[in-house]
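Trainee: The numbering of the sequence shown is the numbering used here, which starts it at 10 and goes up by one.
The beta carbon of each residue, even a glycine, is placed where N, CA and C say it ideally should be.
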Amino acid sequence: QELEVYAKQKGVTNIVFLGFRDDIQNYLAAFDLFVISSEYEGLCSSILQAFLFKVPVVATNAGGVSELIGNNQRGLIAPIKDYKALAQNIETLIHNKQISKDLCDQAYQFSNYFSLKNITNQYKLIYEKIIITIVSIFLLVNFS
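(1) Quick one: Cα of Tyr122 to Cα of Gly20, how far?
(2) Mapping the DSSP letters down to three states, classify Val67 as helix, strand or coil.
(3) Under 8 Å: do the region 26–38 and the region 46–63 share three or more Cβ pairs, one atom per stretch?
(4) Starting from the Cα of Phe43, find the closest Cα among Ile24, Val66, Val25 and Phe147 and give me that residue.
(5) In its own chain, which residues sit with a C-beta less than 7 Å from the C-beta of Leu112, not counting the 5 before and 5 after it?
(6) Where does Phe43 fall in DSSP's three states?
(7) Going by DSSP, name the residue or residues bridged to Leu85.
(8) When the Cα atoms are used, what is the spatial distance from Ser124 to Ala68?
(9) Taking Ser120 as the reference, give the member of Asn23, Ile78, Ser47 and Ile24 with the closest Cα.
(10) Kindly indicate the opening and closing residues of the alpha helix (DSSP H) around Asp114.
(11) Taking the straight line between their C-alpha atoms, what separation do you get for Ala116 and Ser109?
(12) Measure the C-alpha to C-alpha separation of Ile146 and Phe152 and round it to an integer number of angstroms.
Take a look at the structure:
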């Protein structure tokens, strides 16, 4: 709410403050930029969703954000509570479309690792290894 008041005071009217949403995928296609300024975060699935929609990401280095963004490979990261760095990263992506595009391309490729098909294949490989191990142990115990 403070940000909304601040934006109005500064005459900024072309920003929408959505707050917490669990249906962010319904909005991402319309975004020019995705900014997440959390102090605390787990593995931020909304960043992965932004990657899938090729929306450039600026975030604070909270929780698992750095694992997703890498070393500014798939988005830009600012230290937590460093609002000047956050603002600088926002300006960088707004004013440099090539950097923005390059980051989005890398992010999109990375997001495919988290696709349902890939995750399913990873689980399949894990289960196959477990089954092979169990069968091997069974054979060793019973036929040695």
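Mentor: On the basis of the supplied data:
(1) 41 Å
(2) Reduced to three states, the DSSP call for Val67 is strand.
(3) yes
(4) That would be Val66, whose Cα lies nearest to the Cα of Phe43.
(5) Cβ within range, chain order: Pro65, Arg83 and Gly84.
(6) strand
(7) Val67
(8) Distance between the alpha carbons of Ser124 and Ala68: 22 Å.
(9) In terms of Cα proximity to Ser120, the closest of Asn23, Ile78, Ser47 and Ile24 is Ile78.
(10) Lys106 to Ser120 is the span of the alpha helix (DSSP H), which, as asked, contains Asp114.
(11) 10 Å
(12) Straight-line Cα distance between these residues: approximately 10 Å.
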